Amino acid sequence: MSEGKPVVYSDAYYVDIGDHVFPTVKYKLVRADLIRNGDLSEDDFVAPRPARDEEILLVHERSYLDKLKKGSLTPEEVAALELPYSKELVRASYLCVGGTILACDIALESGVGIHLGGGFHHAFTDHGEGFCVFNDVAVGIKRSLEDGKIDKALVIDCDLHQGNGTAAIFKGDERVFTFSIHQQNNYPFFKPPSDLDIGLPDRTQDKQYLDALDKNIPKTISAFRPGLIIYVAGADPYTGDKIGNLGLTIEGLKKRDEIIFTLAKNYSIPIAVVLAGGYAERQEDTVKIHYNTITTVLKFAKEYSKNGQRV
Ligand SMILES: [Zn+2]
Numbered sequence: 030m031s032e033g034k035p036v037v038y039s040d041a042y043y044v045d046i047g048d049h050v051f052p053t054v055k056y057k058l059v060r061a062d063l064i065r066n067g068d069l070s071e072d073d074f075v076a077p078r079p080a081r082d083e084e085i086l087l088v089h090e091r092s093y094l095d096k097l098k099k100g101s102l103t104p105e106e107v108a109a110l111e112l113p114y115s116k117e118l119v120r121a122s123y124l125c126v127g128g129t130i131l132a133c134d135i136a137l138e139s140g141v142g143i144h145l146g147g148g149f150h151h152a153f154t155d156h157g158e159g160f161c162v163f164n165d166v167a168v169g170i171k172r173s174l175e176d177g178k179i180d181k182a183l184v185i186d187c188d189l190h191q192g193n194g195t196a197a198i199f200k201g202d203e204r205v206f207t208f209s210i211h212q213q214n215n216y217p218f219f220k221p222p223s224d225l226d227i228g229l230p231d232r233t234q235d236k237q238y239l240d241a242l243d244k245n246i247p248k249t250i251s252a253f254r255p256g257l258i259i260y261v262a263g264a265d266p267y268t269g270d271k272i273g274n275l276g277l278t279i280e281g282l283k284k285r286d287e288i289i290f291t292l293a294k295n296y297s298i299p300i301a302v303v304l305a306g307g308y309a310e311r312q313e314d315t316v317k318i319h320y321n322t323i324t325t326v327l328k329f330a331k332e333y334s335k336n337g338q339r340v
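Using the numbering used here, you'd call the opening residue of the sequence shown number 30 and step up by one each time.
Structure below.
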């Protein structure tokens with residue numbers, strides 16, 4: 030169904046973190062809906078390998094990595110992570126980085142890479158925070174740059190929260206343009222500047238949000254001409270989100286996805302999508318928003334190959 034563009038996913042993304050606002054079961058549920066509705070078959074999914082230490086070290090400090098492996102994070106460091114520490118969590122985080130690396134590779138080969146996971150944009154070089162252990166987006170980009178596969182990358186971060194870790198990691202790196210559109214009055218309260226930040230007022234609705242994308246993304250792409258886009262497709266700008274306070278509808282979020290994928294196609298730029306946050310009151314809404322992102326990108330991937338714009 031996905032015409033040779035497998036969806037990157039692992040059952041091990043589910044980690045038991047107890048009673049927590051972060052629904053780690055969502056990945057499994059999105060996958061189940063994709064199969065149930067006939068969008069994809071079991072064979073269309075590919076499991077990533079865990080990222081290698083040397084890949085993680087392209088972004089993160091060895092001392093942080095050692096603490097994670099040994100379980101020697103301080104109570105303050107675990108508190109900043111806002112997740113209960115476990116070996117299972119570390120294992121899942123290695124896999125997630127491997128997943129985004131694989132999605133970047135698939136995007137660079139075929140135009141479109143889909144990661145049913147990832148988007149942990151709050152992780153910094155020396156610490157994790159806000160449910161994010163490793164910054165998979167940053168590792169995916171650094172590895173593609175180091176391998177000489179691309180010269181430049183663009184991050185389009187549409188999660189409700191500002192991409193603070195990604196912004197800090199790529200500060201002063203002219204090879205990477207970081208764009209973040211987010212709720213201004215929300216975590217992270219200190220926002221290291223991205224190359225372009227759009228901080229939106231509370232309860233921003235579909236039209237204002239989509240107009241901001243239309244106004245800023247095309248000119249960013251045409252001026253910067255990246256070799257790869259990583260699209261951070263958070264579900265939390267949704268009006269029914271528990272920890273966010275923007276006012277987008279499920280339909281509005283689908284239009285958001287269409288805008289980004291259409292631009293990538295029109296400019297013939299490989300794009301890898303990662304899912305990031307989503308904390309709706311009704312879990313099925315988070316699942317639906319992520320489901321829509323995947324089905325929209327699948328439709329777009331078909332058109333991409335039909336047009337023969339990329340190999
Ligand atoms: Zn978020």
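We treat Cβ as the ideally placed atom computed from N, Cα and C, and that holds for glycine. Note that the structure is a prediction, hence the values are computed from the model and not measured.
- Per the DSSP secondary-structure output, Ser209 pairs in a beta bridge with Asp186 and Asp226.
- In this structure, ligand 1 has a non-hydrogen atom nearer than 8 Å to the beta-carbon of Gly306.
- For Val303, the enclosing beta strand (DSSP E) starts and ends at Ile300 to Val303.
- Shown here for Pro221: same chain residues with a beta carbon closer than 8 Å to its own, the five before and five after excluded, namely Asn193, Ala196, Ala197 and Lys200 in chain order.
- Within 10 angstroms of the beta-carbon of Ser101 lie fewer than 16 other beta-carbons, which makes it exposed.
- Spanning the alpha carbons of Ile272 and Gly47 requires a straight line of approximately 18 Å.
- Annotated as proximal: Tyr238 and Leu229, with beta-carbon spacing under 9 Å.
- Asp186 is positioned such that its CB atom lies no closer than 9 Å to that of Val205.
- Using a C-beta cut-off of 8 Å, the region 135-143 makes no contact with the region 105-114, since fewer than three inter-stretch Cβ pairs fall below that distance.
- Counting along the chain, Leu118 sits inside the alpha helix (DSSP H) bounded by residues Lys116 to Ser139.
- Using a Cβ distance threshold of 9 Å, Gly269 and Ala309 count as a contacting pair.
- Within 8 Å of the C-beta of Gly281 there is not a single heavy atom belonging to ligand 1.
- When secondary structure is reduced to three states using DSSP, Phe74 falls in the strand class.
- DSSP, reduced to helix, strand and coil, places Gly194 within a helical segment of the structure shown.
- CA-to-CA, the gap between Lys331 and Leu118 works out to about 35 Å.
- In its chain, beyond the 5 residues on either side, Asp235 and Leu239 have a beta carbon closer than 8 Å to the beta carbon of Lys284.
- For Tyr260, the enclosing beta strand (DSSP E) has its first and last residue at Leu257 to Val261.
- Annotation for Leu189 indicates a beta carbon within 8 Å of some heavy atom of ligand 1.
- Spatial neighbours of Val88 in its own chain (CB-CB distance under 7 Å, excluding positions within 5 residues in sequence) are listed in chain order as Thr154, Asn164, Ala167, Val168, Lys171 and Ile198.
- For Val75, the closest C-alpha among the options His49, Tyr56, Leu131 and Tyr93 is that of Leu131.
- The alpha carbon of Leu183 has as its nearest neighbour, out of Gln213, Leu145, Leu110 and Val302, the alpha carbon of Val302.
- For His156, the closest alpha carbon among the candidates Val50, Ser70, Val141 and Thr103 is that of Thr103.
- At least one heavy atom of ligand 1 sits closer than 8 Å to the Cβ of Asp265.
- Asp68 and Ser92 have their C-alpha atoms roughly 43 Å apart.
- In terms of CA proximity to Ile258, Asn295 leads the group Lys244, Ala264 and Asn295.
- Of the residues Pro299, Asp40, Gly148 and Asp286, the one whose Cα lies closest to the Cα of Asp180 is Pro299.
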